[in-house]
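Q: Residue 73 in our numbering sits at position 73 of the sequence shown; the count goes up by one each step and never skips. For glycine and all other residues, C-beta sits at the position ideal for the given N, C-alpha and C. Quick caveat: nothing in here was measured; it's all calculated off a predicted structure. One structure follows; several queries about it will come next.
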Amino acid sequence: MIAILIAILPSCLDGSGGFDTAGSDEEEPNGTCAEAQGPYEDGLVANGTFSSSEDQDWYLVDLSAGGDVEIRTNDVNGDDCSDADPQIDVYAADCTTYLGGNDDDAEGDTLCSGLVLSAAPGPLHVAVAPCCGVERSARYQVEVVAH
Ligand SMILES: [Ca+2]
Ligand SMILES: [Ca+2]
């Protein structure tokens, strides 16, 4: 059993520094900006599940300082996010000002998503949803890190 666990561990690490299964669990309903769960401090790590192709999961992060903020999804399944194929979209405090988004990472080598944007201090809304309308039920992890 120990040997099996050791063999599995490396697959839990992704190219952006790995992940920690600690963190907040997603709680439905969270399908709109008004229902965003939080507020969380930056450094949020949240573990969620897409229950269908229509599932949107919104999170509210209250940034204590302005500057560069990285929002990314991590490969929790050891499959380069190919199961969840999560898309990230980021909105300002008013829920309508679009700040940026990403589907597959800029390097194109995984279906995990990630972006860095310059944000002012205050609320940031992060929507995570399965890309492209394909029916999915899959786990993902989203992380918001201020630099
Ligand atoms: Ca969900
Ligand atoms: Ca949801």
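#1: Quick check: the region 21-37 against the region 107-122, are there 3 or more CB pairs under 8 Å?
#2: Across the region 99-113 and the region 41-50, are there enough close Cβ pairs to call them in contact, namely three or more that are closer than 8 Å?
#3: Within the same chain, show all residues whose beta-carbon is closer than 6 Å to that of G15, passing over the 5 residues directly before and after it, in chain order.
#4: What separation, rounded to the nearest whole angstrom, lies between the Cα atoms of R72 and D103?
#5: Check E41 in the structure and name its three-state DSSP category.
#6: Please tell me whether A84 and R139 are closer than 8 Å, where the distance is taken between their beta carbons.
A: Looking at the coordinates:
#1: Because the criterion of three Cβ pairs below 8 Å is not met, the region 21-37 and the region 107-122 do not touch.
#2: No, the region 99-113 does not touch the region 41-50.
#3: Against the sequence shown, residue 15 aligns to sequence position 15. Summary for G15: the model assigns pLDDT 39, below 50, so the residue's position carries little reliability; its value from the coordinates is reported in the next sentence. Answer for G15: no residue qualifies.
#4: Sequence index remark: in the sequence shown, residue 72 carries index 72 (1-based). Sequence index remark: in the sequence shown, residue 103 carries index 103 (1-based). Our two residues, R72 and D103, have alpha carbons roughly 10 Å apart in a direct line.
#5: Locating residue 41 in the sequence shown gives position 41, where the first residue counts as 1. Correct three-state label for E41: strand.
#6: Your numbering for residue 84 matches position 84 in the sequence shown. Your numbering for residue 139 matches position 139 in the sequence shown. A84 is a Cβ neighbour of R139, given a cutoff of 8 Å.
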